[in-house]
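Q: Numbering (UniProt numbering), first residue to last: 1 to 66.
Structure provided below as structure tokens; questions to follow.
Shown next, in the form of structure tokens:
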């Protein structure tokens with residue numbers, strides 16, 4: 001889960017792309033280039049791309065109990 005769900009700058013929803021982006025660029029055996037993944041996901045605005053590339057998932061660290 002990505003928090004925040006929307007881009008701080010433009011307000012576009014970026015949270016819907018987070019799981020696939022994270023899997024393909026960080027968790028995969030052979031990680032893909034983040035720029036190529038964002039192009040394929042249709043994230044075009046620089047501010048939205050920055051939100052996804054620079055995001056660090058802290059939910060599991062802050063709230064480890066489900």
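Cβ coordinates follow ideal geometry from the N, Cα and C atoms, glycine included.
For clarity, every value in this text was computed on a predicted model and none was experimentally measured.
Keeping to the same chain, check which residues put their C-beta closer than 8 Å to that of residue 6; ignore five residues upstream and five downstream.
A: Position 6 of the chain shown, counting from 1, holds the residue named residue 6. Answer for residue 6: 12, 13, 14 and 15, listed in chain order.
Q: Would you call the CB atoms of residue 21 and residue 52 closer than 7 Å?
A: The residue you call residue 21 lines up with position 21 of the chain shown. The residue you call residue 52 lines up with position 52 of the chain shown. Their beta carbons are under 7 Å apart, which means residue 21 touches residue 52 by this criterion.
Q: What is the rounded straight-line gap between the Cα of residue 26 and the Cα of residue 9?
A: For the purposes of this step, residue 26 is identified with residue 26 of the chain shown, where counting begins at 1. For the purposes of this step, residue 9 is identified with residue 9 of the chain shown, where counting begins at 1. So the two alpha carbons sit approximately 24 Å from each other.
Q: Determine the burial state of residue 17: buried for a count of at least 16 other Cβ atoms within 10 Å of its Cβ, exposed for fewer.
A: Position 17 of the chain shown, counted from the start, is the residue given in the question as residue 17. Flag for residue 17 reads buried.
Q: What's the C-alpha gap between residue 24 and residue 34?
A: Numbered from its first residue, the chain shown carries residue 24 at position 24. Numbered from its first residue, the chain shown carries residue 34 at position 34. For residue 24 and residue 34, the distance between alpha carbons rounds to 8 Å.
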